[in-house]
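Number of protein chains: 2
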Amino acid sequence: MRISARADYAVRAAVELAAAGDEASLKAEAIAAAQGIPHKFLEGILGDLRRGGLVVSQRGGKGGYRLARPADSIAIADVIRVADGPLVSVRGVRPPELSYCGPAESLLPLWIAVRANVRKILGEVTLAHVAAAKLPDEVLSLAEDPEAWTNP
Amino acid sequence: MRISARADYAVRAAVELAAAGDEASLKAEAIAAAQGIPHKFLEGILGDLRRGGLVVSQRGGKGGYRLARPADSIAIADVIRVADGPLVSVRGVRPPELSYCGPAESLLPLWIAVRANVRKILGEVTLAHVAAAKLPDEVLSLAEDPEAWTNP
DNA sequence: TAGTATTCCTATCGAATTACTAGGGAACTG
DNA sequence: CAGTTCCCTAGTAATTCGATAGGAATACTA
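Chain order of the listed sequences is A and B.
Residues are numbered in my numbering as their position in the first sequence, beginning at 1, plus a constant of 480.
Residues are numbered in my numbering as their position in the second sequence, beginning at 1, plus a constant of 480.
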């Protein structure tokens, strides 16, 4: 269960924009330097965010990128979907489109349950939450369990 | 957030073995046909499960694969880890090994919370649960919500 | 108003990983 | 020994990650 580089970079760039304020604009190169992201790769990702309507861009000497909506109205899940496709997929297809046969039939509701649990977190947490380092209590209590940090 | 073909195939093969009974053995070709998995690809996956100690194999005319432990002692998470590496990874590395800087710092506890929520499901559900089509109540109640089946 | 610097935007290329295929060698059964 | 089955190595197509080069649009300056 893997979160791609695209998704991680997209979220970090969006958080950086959120931290700069809803009306400030940042240059791609500045975001890349602040977060250690390959800057030409980041430009492609920012293009996806623009086509997805999450950011607006401006060319020229005083150009850059800024959020298209307030940071507390953009969920992490929104950013991932625009930059990287479906939030959770099995073999590249969304869980409801899967078909299992024989004794594996119960895998379908299992993946649905996993997706629901992921959505519950990534659909609730917004860019504003992360940028202000104030995650919702429900999420914090999950992350505070020491067992959640052990490796396997 | 993507579940690879390896992981999906590995779980389906293990479930098929669980459904056959703890002491019965199945041939790779039979599992491949039952689940529609490319059989040479499946052989590589079964090799990983064997090296990981989850199944035992036998060559020759009456050979095949069978589970190395009772089906109710093998969690779905165990199968995925052996066949496909860490249960959840960001850019190929496990969440505790990530390092974020600046306003993105709260992403680390966020991924930890996501992983904890995924573990809670895949670490609790066993091959026996899936093979018998009797998922734990906690999981079923997540999957029964009609909203969990809608697409974005 | 012309020129220049800055920035976004597109297209292409190589390395690495994923998904899958092919063929032959090793071990077990009857 | 002969037939079956697992087991190992190598090789191919597609995707992802990341780098590079140049073109198009905008803003500042003289």
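For each residue, glycine too, the CB sits at the ideal point set by N, CA and C.
Buried versus exposed, by CB contacts within 10 Å (16 or more), residue i
i, result
"A/Arg-531", "exposed"
"B/Gln-515", "buried"
"A/Pro-632", "exposed"
"A/Asp-617", "exposed"
"B/Gly-501", "exposed"
"B/Glu-503", "exposed"
"A/Ala-513", "exposed"
"B/Pro-550", "exposed"
Minimum Cβ-Cβ distance from residue i to chain B less than 8 Å
i, result
"A/Ile-525", "no"
"A/Glu-585", "yes"
"A/Glu-496", "yes"
"A/Arg-640", "No statement about residue 640 of chain A is possible, as the shown extent of chain A runs from 481 to 632 and does not include it."
"A/Ala-596", "yes"
"A/Arg-574", "yes"
"A/Arg-531", "no"
"A/Ser-569", "yes"
"A/Asp-488", "yes"
"A/Ala-611", "yes"
"A/Ala-485", "yes"
"A/Leu-506", "no"
"A/Ala-514", "yes"
Minimum Cβ-Cβ distance from residue i to chain A less than 8 Å
i, result
"B/Gly-582", "yes"
"B/Pro-518", "no"
"B/Ile-511", "no"
"B/Ala-628", "yes"
"B/Ile-554", "no"
"B/Asp-625", "yes"
"B/Pro-550", "no"
"B/Arg-492", "yes"
"B/Val-562", "no"
"B/Val-605", "yes"
"B/Val-619", "yes"
"B/Leu-602", "yes"
"B/Arg-633", "Any question about residue 633 of chain B goes unanswered here, given that chain B covers just 481 to 632."
Cβ-heavy atom distance, residue i to the ligand NAD, below 7 Å
i, result
"A/Gly-603", "This structure simply doesn't include the ligand NAD, nor any ligand for that matter."
Inter-residue spacing [alpha-carbon to alpha-carbon] between residue i and residue j
i, j, result
"B/Ser-586", "A/Lys-614", "8 Å"
"B/Leu-547", "B/Leu-534", "6 Å"
"B/Ile-511", "A/Glu-627", "36 Å"
"B/Pro-518", "B/Tyr-489", "9 Å"
"B/Lys-542", "B/Lys-507", "9 Å"
"A/Leu-578", "A/Val-605", "28 Å"
"B/Trp-591", "B/Arg-539", "43 Å"
"A/Val-452", "A/Pro-589", "Because chain A in this structure spans residues 481 to 632, residue 452 of chain A falls outside the shown range and cannot be described."
"A/Gly-582", "A/Asp-625", "38 Å"
"A/Phe-521", "A/Leu-607", "21 Å"
"B/Gly-565", "B/Asp-528", "11 Å"
"A/Glu-509", "A/Ile-525", "13 Å"
"B/Ala-493", "A/Trp-629", "30 Å"
"A/Ala-596", "A/Gly-544", "36 Å"
"B/Arg-599", "A/Met-481", "11 Å"
"B/His-609", "A/Leu-620", "30 Å"
"B/Pro-575", "B/Val-536", "32 Å"
"B/Ile-556", "B/Leu-602", "5 Å"
"B/Val-491", "B/Ala-499", "12 Å"
"A/Leu-497", "A/Ile-483", "21 Å"
"B/Asp-558", "B/Asp-552", "12 Å"
"A/Ala-593", "B/Ser-505", "30 Å"
Limits of the unbroken beta strand (DSSP E) element including residue i
i, result
"A/Gly-544", "544-547"
"B/Arg-537", "Here the sequence assigns Ser to residue 537 of chain B, which means Arg is not the residue at that position. Here the beta strand (DSSP E) through B/Ser-537 covers 535-538."
Alpha helix (DSSP H) segment containing residue i, residue limits
i, result
"B/Val-610", "607-611"
"B/Tyr-489", "485-499"
"B/Ile-511", "508-515"
"B/Glu-523", "519-531"
"A/Ala-584", "Here A/Ala-584 belongs to no alpha helix (DSSP H), and DSSP marks it neither H nor E."
"B/Ala-623", "617-624"
Beta-ladder partner(s) of residue i, from DSSP
i, result
"A/Val-570", "A/Val-573, B/Ile-483"
"A/Ala-555", "A/Thr-606"
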